[in-house]
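Engineer: Starting off with a structure, shown below.
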Amino acid sequence: MSQVEEVRAAADIVKIVGDYVQLRKSGANMMGLCPFHQEKTPSFAVHPGKQIFHCFGCGAGGDVFKFVMMIDSLTFPEALERLADKVGITLVRTAYGGDDSKSKERTALYKI
């Protein structure tokens, strides 16, 4: 399992989104006011089973990484780091040009 998949599995989207948005149960989903646009009626849904969110008002949606990227204006690596910290996972950093086959391939492509 990659580190990204490990963090994704450990980060419960309801808990992460709940730190920013007040959510209430609505059927199988959790609903709240969308943090990405102004609204008076909740149209922001979090699907615990699928671990995704979607706003029916503005169309924003995605997984836990996308939510953290959007809410805190972060890049994917920054969001990965922040979520790993929140769920207590220590990320192992690999240097560019390391020994694994993917980085050797990247280095070869870069030289080309």
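Per my numbering, the sequence shown runs over residues 992 to 1103. We put the CB at the ideal spot given by N, CA and C, even for glycine.
Do three or more CB pairs link the stretch 1069-1087 to the stretch 1024-1032 at distances below 8 Å?
Structural biologist: no
Engineer: So does Leu1071 have its beta carbon nearer than 7 Å to some heavy atom of the ligand FAD?
Structural biologist: Ligands are entirely absent from the displayed structure, and the ligand FAD is therefore not among its contents.
Engineer: Using C-beta distances below 7 Å, list every residue in its chain close to Gln1042, excluding the 5 sequence neighbours before and after it, in chain order.
Structural biologist: If you ignore the 5 residues before and after Gln1042, its C-beta comes within less than 7 Å of the C-beta of Ile1004, Asp1054, Val1055, all in its own chain and listed in chain order.
Engineer: How close, in whole Å, do the beta carbons of Phe1058 and Phe1044 come, if the pair is a contact with beta carbons under 8 Å?
Structural biologist: 6 Å
Engineer: DSSP three-state call for Arg1084: helix, strand or coil?
Structural biologist: coil
Engineer: Where does Met1022 fall in DSSP's three states?
Structural biologist: strand
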